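First comes the structure, then the notes that go with it.
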Amino acid sequence: MTDRIRQHASHGKRSIGLMLAILCAPAQAQQLSAHEQLTAAVNEFVSAFFSPQELAAREQHTDKALSRRVEIEISRIDPRLPLALCEQPLIASLNQNQRPQGRINVKVECVGTAPWSKYVPVMVKIFEPVLVTTRPIARGEVLSPADLSLEQSDISLLRGSYLQASELAVGMEVRRPLPAGATVAQEALAAPMLVKRGDTVTLSAKAGSVEIRQQGVALQGGELGKRINVRNTNSDMVVQAVVTGQGEASVGF
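The sequence shown begins at 3 in the working numbering and counts up one residue at a time.
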């Protein structure tokens with residue numbers, strides 16, 4: 003069983019400190035049982051990573067802030083577990099390299115006259131808008147706005163650099179097949195090949211106000227901005243040109 007706490011917070015990331023003291027007033031400590039004190043300490047510690055104040059100071063993409071949702075599920079503490087009520091503030095911490103997302107273990111320590119420590123399993127789910135496909139996409143297809151939509155996903159379960167804005171994917175070529183509803187990762191996309199090996203290419207060269215355009219044959223493929231070798235059809239010379247568009251390349255002097 004878990005005690006679930008739902009939070010609605012703006013988007014952001016926080017570097018994890020090694021330790022955070024959970025301050026409990028003596029009067030409050032007397033009102034809580036040791037198990038309640040432990041659960042409250044874990045909840046306060048994990049929740050602090052997602053406070054609006056912390057996130058506002060570290061996150062610039064405020065357009066994503068409104069639709070972020072964080073769920074914290076604290077494993078139920080076995081009431082049979084012998085714990086002495088701590089008269090000192092409990093100290094909660096994470097391992098140095100652990101991030102507050104997914105399955106984590108929070109260490110809680112009592113440094114009072116009857117010291118104890120306990121690891122509490124916690125599940126932290128962070129839901130954010132993530133770009134997904136609206137239909138099956140074949141390898142080599144170029145994505146259009148209709149191929150994409152934003153859906154809430156638990157980013158703690160995602161691997162790779164997922165995308166959260168359609169403009170980052172529209173016009174990109176898919177490197178591997180993607181089923182409908184698949185999360186669109188940066189690794190799955192590549193700039194489209196505007197010129198392929200063997201294509202007829204329009205070569206342009208400009209000097210001042212004078213522009214010369216000739217035909218050539220691409221000796222290699224390339225995406226926008228890539229420098230490729232092109233054989234000039236008229237002179238049979240091989241020149242280097244920069245891909246500027248579909249079937250177009252520019253030669254500099």
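Built from N, CA and C at the ideal position, the CB exists for glycine as well.
Note that the structure is predicted; figures quoted are calculated from it, not measured.
Burial state of residue i, where buried means 16 or more other Cβ atoms lie within 10 Å
| i | result |
| --- | --- |
| Ala29 | Unreliable placement is indicated for Ala29, whose pLDDT of 41 sits below 50; the coordinate value is still reported in the next sentence. Ala29 comes out exposed. |
| Gln32 | Only weak support exists for where Gln32 lies, its pLDDT of 46 falling under 50; the coordinates are left without a value. |
| Arg215 | exposed |
| Val212 | exposed |
| Arg1 | Because residue 1 is not part of the residues shown, which for the chain are 3 to 255, the question remains open. |
| Lys102 | Residue 102 is actually Pro in this sequence, not Lys. It counts as buried. |
| Val240 | exposed |
| Thr41 | buried |
| Leu165 | buried |
| Leu150 | buried |
| Gln188 | exposed |
| Ala148 | exposed |
Spatial distance of residue i from residue j (CA atoms)
| i | j | result |
| --- | --- | --- |
| Glu175 | Glu143 | 6 Å |
| Val48 | Gly247 | 50 Å |
| Thr202 | Gly218 | 6 Å |
| Gly200 | Val132 | 38 Å |
| Ile106 | Arg78 | 14 Å |
| Ala207 | Asn97 | 60 Å |
| Pro91 | Ser35 | 14 Å |
| Asp156 | Lys127 | 6 Å |
| Val186 | Leu160 | 11 Å |
| Pro84 | Val44 | 18 Å |
| Arg71 | Pro123 | 20 Å |
| Gln154 | Gln39 | 33 Å |
Local conformation of residue i per DSSP, three classes
| i | result |
| --- | --- |
| Gln39 | helix |
| Leu159 | helix |
| Gln188 | helix |
| Asn45 | helix |
| Ser168 | helix |
| Ala116 | coil |
Member of the options whose CA lies at the smallest distance from the CA of residue i
| i | options | result |
| --- | --- | --- |
| Val197 | Lys120, Ala182, Ala209 and Leu226 | Leu226 |
| Ala182 | Ala148, Pro81, Asn234 and Val134 | Val134 |
| Gly249 | Met239, Val240 and Ile230 | Ile230 |
| Thr136 | Leu180, Gly104, Phe129 and Val72 | Leu180 |
| Lys228 | Gln242, Asn236, Arg70 and Asp238 | Gln242 |
| Pro117 | Met125, Glu130 and Glu89 | Glu89 |
Chain B within 8 Å of residue i, Cβ atoms only
| i | result |
| --- | --- |
| Thr115 | Looking at the structure shown, chain B is missing, and only one protein chain is on hand. |
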